[in-house]
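2 protein chains.
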Amino acid sequence: MVMPAPAVAGPGGAAPGSVGDVRRSNLALVLGAIAEFPPGAHPSRAQVAGATGLTKASVSSLVLDLLDAGIIREIGLNPQGRGRPGVGLELSPSRAVLGMEINVDYISAAVVDLTGTVLAREEQERDNRNRPDGPVLAALAALAARVRSTVGEQGIEVLGGGLAVPGLVDPALARVLTAPNLGWVNVDLDLDALLPEAPLGVELFNEANAAALAELRHRPDGASNFLFVSGEVGVGGGIVIGSELFTGPHGHAGEVGHIVVDPDGGHCSCGGTGCLETVAGQDAIFTAAGLAPDGGSRSTLMSLLLQALEAGEPRAVSAVDGAGRCLGIALASTARVVNIDSVVLGGHFAVLEPWLRAPLLESLAKYAPGKYSSSQVTVSSVGESGALLGAAGSVIRSLVEAPHRLHA
Amino acid sequence: MVMPAPAVAGPGGAAPGSVGDVRRSNLALVLGAIAEFPPGAHPSRAQVAGATGLTKASVSSLVLDLLDAGIIREIGLNPQGRGRPGVGLELSPSRAVLGMEINVDYISAAVVDLTGTVLAREEQERDNRNRPDGPVLAALAALAARVRSTVGEQGIEVLGGGLAVPGLVDPALARVLTAPNLGWVNVDLDLDALLPEAPLGVELFNEANAAALAELRHRPDGASNFLFVSGEVGVGGGIVIGSELFTGPHGHAGEVGHIVVDPDGGHCSCGGTGCLETVAGQDAIFTAAGLAPDGGSRSTLMSLLLQALEAGEPRAVSAVDGAGRCLGIALASTARVVNIDSVVLGGHFAVLEPWLRAPLLESLAKYAPGKYSSSQVTVSSVGESGALLGAAGSVIRSLVEAPHRLHA
DNA sequence: AAGCTTTAGTTCATTGCCTGAACTATATGA
DNA sequence: TCATATAGTTCAGGCAATGAACTAAAGCTT
């Protein structure tokens, strides 16, 4: 539940409510209603009143505040058939946030306006394996500045940013707890240096969690409860429940890559034994398929694997088959623990889905019969840049849920 | 997450806020502050003001409402040293709720006043295995009426009730989805018949979830994030995060009994394969220990097992050892999925803890190193009647969180 | 014993916000 | 042109929290 943590805290931990809180809450309600209208359909004040249950008078007043803060703008007229046409409202396209991503072999940044439109995006290849965080962040800051400058002349104001990182993070502390593939342990990131003077600051996300949020926003079926499984070098996951990211008590739930799928299995980089990642991570699959892990870049290895699969090469097929079965075991257990019945496959799991699907469904039927229907096992609808978009989208969403943070 | 669903729903799903909501919210804040004071220490209005951050004036007015509704009462004076003594406030001991439990071989009911004191409690042996729900509920209703009558003369008003059942439930529908050991499938319970005219009605709980809530209330270390594992005929679980029960999108998360701990394992009553319950459920342990499952009642079998363990009988020791290891595997996976780092052992796991602990810790160290410290593996502090007390306590808590439901 | 100090609790004018009704503004259709 | 329908604004009314002033009731001081 993304909810501004109460500042004051008695023994109960809750904050006192005053009349002003009603305003804040309704401000978010109105803005949320405007944001949730389908893109292109700009609601009038009257429609917002209908959607929220507030009176026209209240909505008028609230909308005025949002206009003053520059979060929304009026756009054209909106004929209703008979009667006076309404004035369309939409999230301001001249306010934006910056999405950023650090991954094993690239960094990227994008400017996304409040309506969700990507105004500019740049990716830069860069081997970040076992690189200290300082230079990586410096390179990212430069990339971010470049992307900003490409839209800077259009009078776009960047309000805040989100950074996705492949590892366990503590968002509250802006700390990366562990990122095995970057070689980072307990690294505190100076996020504000990435985006100085942005009123909303920069938030930190786990890569899979950010991708899950992007998936939530772009899902064609509008699913609001699912587990997003991200297959990268590591195997990550993001749990979405009631359209909210479920992060657990310390901010890093959803680590499906380290569910035990084979008690007699091999060692994992996390220190554990028989984790899903030791069977379904990229390196594990490449190795099991007989592709030398140092036989080229990850993308060439993946092409080789796909060729082998299409050729029906037994080792490749068996490697993916095993990954699918073990993924099924992990998802069966996850279904029981968090009561999720819908899975979205991302990263290499999406690419390998044609070969992965059958063993996965078989495994689910064996270990959690009746929990997942096959229509609930789907492929990600956001591509490569899911983490990037999710990080940006989440910052936008947190603004929509607490617009009073902006000057109003 | 126990939270009243918003009644009104626009596209956003949120309800409009008006000034009246502030009153409701602060009413709950004040009542919560009073409830959270240590038993015996009755806070004054001034202390409540300090704890909540509200002004004395507001607290006075809110307290008046709560007094009128009969939820709290004034009790004696509260000397502060210098100055005028405050008037003590406490939850009303003349209002109560009814906790009820249906289990495999007994039914029970208790009257618990709002301060948490058990005023009366009765248990009745009764074999409910494969019994239809009608007669079971009728027997429970009779038991409930009897317990009520024992306190009825003291002018106690019963406001509502909670019923705990060993199976998957949908609390919103008052439906038992499956209760394998009762033989119930998709049974709709007529809960209101148990407690007619109670203003708060009767809520339905999963047994392990209710026990987890009781654990939350009675924990000496005040832990607010933990997994409660209940070893009964089946193996159940309740996840507590931020002092809230985590129930997942459909109300039945925490089913740790059906996490896969052995992909090559045996069939489970749930239809799955290699579930924890097939190794660590009561029947499984008895069988593995060489005790015939029909060699007496469950409690005699348990005594026999304990004797065998104390005598160091190899089969018994190995049975419990195996259960401990597999429990460790399940907890390792759970730690990853929901990010929990603290476990409370309940039911037979509590009884067997001396023999269970070592293999469990070993297993946790192997499969989730660094996730649980040994001090975070503890034994339940509520006994047999945990589910009963938890169901009652949860009803009390939901009243404390929404006192406006009562007439005020 | 009288008075000062300290803390508890109440009263009251003020402010802020939502509401509902009345009103103005702007379109379509007869 | 006028009736009708819908959008949006204005305004009085009500409710809730606030803060300051006030009353209440104790201990401490002299």
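Going down the list, the protein sequences come from chains B and X.
In this text, residue positions in the first sequence follow this note's numbering: the first is 1, and each later residue adds one.
In this text, residue positions in the second sequence follow this note's numbering: the first is 1, and each later residue adds one.
Beta carbons: idealized from backbone N, C-alpha and C, even for Gly.
State the Cα-Cα distance for the pair residue i and residue j, rounded to the nearest angstrom.
i	j	result
Ala120/B	Arg397/B	19 Å
Arg405/B	Leu200/B	8 Å
Gly257/B	Asp65/B	45 Å
Leu227/X	Leu356/B	33 Å
Thr117/B	Asp68/B	22 Å
Pro11/B	Val22/X	The predicted model places Pro11/B with a pLDDT of 35, which falls under 50 and marks its position as unreliable; any figure quoted below should be read in that light. Answer to the nearest angstrom: the Cα atoms are 20 Å apart.
Gly347/B	Gly237/B	11 Å
Ser230/B	Ser333/X	17 Å
Tyr367/X	Ser318/B	26 Å
Asn130/X	Ser299/X	19 Å
Ala9/B	Leu195/X	Its pLDDT being 29, under 50, Ala9/B is placed unreliably by the model, and nothing is read from it.
Ser58/B	Glu255/X	46 Å
Val337/X	Ser385/B	24 Å
Ala335/X	Cys268/B	16 Å
Leu301/X	Gly383/X	19 Å
Ala330/B	Lys371/B	13 Å
Met100/B	Ala142/B	12 Å
Gly266/X	Thr273/X	6 Å
Thr378/B	His218/X	43 Å
Asp221/B	His42/X	53 Å
Val261/B	Cys326/X	12 Å
Val185/B	Val176/B	7 Å
Pro403/B	Leu276/B	41 Å
Leu204/X	Val187/X	12 Å
Gly152/X	Leu189/X	26 Å
Asp321/B	Leu304/B	17 Å
Arg45/X	Ala28/X	15 Å
Gly17/B	Pro39/X	26 Å
Ala193/B	Gly86/B	43 Å
Leu91/X	Ile156/B	56 Å
Gly328/B	Ala208/B	18 Å
Ala7/B	Ala51/B	At Ala7/B, the pLDDT of 27 sits below 50, so the modelled position is not reliable; the number obtained from the coordinates is stated separately. Going from the Cα of Ala7/B to the Cα of Ala51/B covers about 30 Å.
Whose CA, out of the options, lies closest to the CA of residue i?
i	options	result
Leu191/B	Ala172/B, Val185/B, Val48/B and Asp264/B	Ala172/B
Ile102/X	Ala319/X, Gly17/X, Glu125/X and Arg24/X	Glu125/X
Gly167/B	Glu401/B, Gly183/B and Glu153/B	Gly183/B
Ser224/B	Ile239/B, Gly234/B, Glu232/B and Val233/B	Ile239/B
Ser373/B	Ala144/B, Ser363/B and Arg84/B	Ser363/B
Ala280/B	Val233/B, Glu244/B, Leu305/B and Val151/B	Val233/B
Ala387/X	Ile107/X, Ser92/X and Arg82/X	Ile107/X
Glu197/X	Ala208/X, Arg148/X, Val158/X and Thr178/X	Val158/X
Pro132/B	Glu122/B, Ile156/B, Val104/B and Ser149/B	Val104/B
Interface residues of chain X around residue i at Cβ under 8 Å?
i	result
Lys56/B	Neighbours of Lys56/B on chain X: none; closest Cβ ~12 Å, over 8 Å.
Gly248/B	Ile241, Val338, Asn339 and Ile340
Residues of chain X with CB closer than 9 Å to the CB of residue i, please, in chain order.
i	result
Glu255/B	Ala335, Arg336, Val337 and Asn339
Asn225/B	Gly248, Pro249 and His250
At a CB-CB cut-off below 7 Å, which residues of chain X make contact with residue i?
i	result
Asp21/B	Val22
His252/B	Asn339
Per DSSP, residue i forms a beta bridge with which residues?
i	result
Ala110/X	Gly99/X and Arg121/X
Cys275/B	Val260/B
His410/B	Here chain B covers residues 1 to 408 and nothing more, so residue 410/B does not appear.
Thr178/X	Leu168/X and Val185/X
Glu244/X	Ile241/X
Val344/X	Phe228/X and Thr378/X
Glu74/B	Leu89/B
Please compile the residues from chain B whose C-beta is within a distance smaller than 9 Å of the C-beta of residue i.
i	result
Val261/X	Val260, Pro263 and Ser333
Ser269/X	Residues of chain B passing the Cβ test: none, with the nearest at roughly 12 Å.
So which residues on chain B does residue i lean against when the C-beta distance must stay under 7 Å?
i	result
Pro369/X	Gly271 and Gly272
Asn26/X	Pro16 and Gly17
Ile329/X	Val260 and Pro263
Mind pulling the chain B residues with CB within less than 8 Å of residue i?
i	result
Asn209/X	The contacting residues do not exist; Asn209/X stays about 12 Å from chain B at best.
Ile107/X	Chain B residues near Ile107/X: none, gap ~27 Å exceeds 8 Å.
Meets three-Cβ-pair contact criterion under 8 Å: the segment 238-254 of chain X and the segment 331-343 of chain B:
yes
How do the segment 212-228 of chain X and the segment 304-312 of chain X stand: do at least 3 beta-carbon pairs fall below 8 Å, yes or no?
no
Would you be able to state if there are at least three C-beta pairs under 8 Å between the segment 379-397 of chain B and the segment 98-113 of chain B?
Because the criterion of three Cβ pairs below 8 Å is met, the segment 98-113 of chain B and the segment 379-397 of chain B touch.
Using 8 Å as the Cβ pair cut-off and three pairs as the minimum, do the segment 71-87 of chain X and the segment 133-143 of chain X touch?
The answer is no - the segment 133-143 of chain X does not touch the segment 71-87 of chain X, with fewer than three Cβ pairs under 8 Å.
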